[in-house]
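In this note's numbering, each number is its position in the sequence shown, counted from 1, plus 392.
Just so it is clear, CB atoms sit at the ideal spot from N, CA and C, and this is done for glycine as well.
Treat the numbers as computed from the prediction; the structure is a model and nothing was measured.
Everything on this sheet refers to the single structure shown next.
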Amino acid sequence: MAEVMLPMKMEMANDPSKFTSPDVLHVLAVDDSHVDRKFIERLLKVSSCKVTVVDSATRALQYLGLDVNEKPIGCKDLKVNLIMTDYSMPGMTGYELLKKIKVSKPL
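Structure, rendered in structure tokens:
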């Protein structure tokens, strides 16, 4: 197991409450492989993340409410902190997906 140590301000080191966050990291995982989706989902849930998995770039756009042809499948006030995507998927690659998200939604 690797450990990364980052420098921090002294007042943060002395106050443990600074390390707790009321928000849970929400990760959207996009992969066309069922096995890979399950693996990613388990790995992230063990890390205390909220995980949403979808099987294609199109479904990811629908979930985010960015597909103009389909009704959104996510909630209206959706907050996703991180998107993990397979690079090589049929229909639309992960890179193409991220480009569409970037131009469609303010970061």
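Point to revise | N-terminal and C-terminal residue of the beta strand (DSSP E) that Leu453 is part of | key: From DSSP, Leu453 is part of no beta strand (DSSP E) but of the alpha helix (DSSP H) over Ala449 to Tyr455.
Practice item. My understanding is that Leu474 touches Leu417, with C-beta atoms under 8 Å, so please give their C-beta distance in whole angstroms. Key: 7 Å
Check your understanding: Arg434 and Val445 look like a contact to me (Cβ under 8 Å); what is the Cβ gap, rounded to whole Å?
Key -> Arg434 to Val445, Cβ: 10 Å. No contact.
Practice item. Round the Cβ separation of Asp486 and Thr477 to the nearest angstrom and send it over; I've been treating them as touching at under 8 Å. Key: The sequence shown places Gly at residue 486, not Asp. With 8 Å as the limit, Gly486 and Thr477 qualify as a contact, their Cβ atoms being about 3 Å apart.
Practice item. Could you round the C-beta distance between Tyr479 and Ile465 to whole angstroms and report it? I think they count as a contact, below 8 Å. Key: Incorrect: roughly 23 Å between the Cβ atoms, too far for contact.
Check your understanding: Between Pro408 and Cys441, what straight-line distance do the alpha-carbon atoms span, to the nearest angstrom?
Key -> With a pLDDT of 45 at Pro408, under the threshold of 50, the modelled position of that residue is not reliable, and no figure is offered here.
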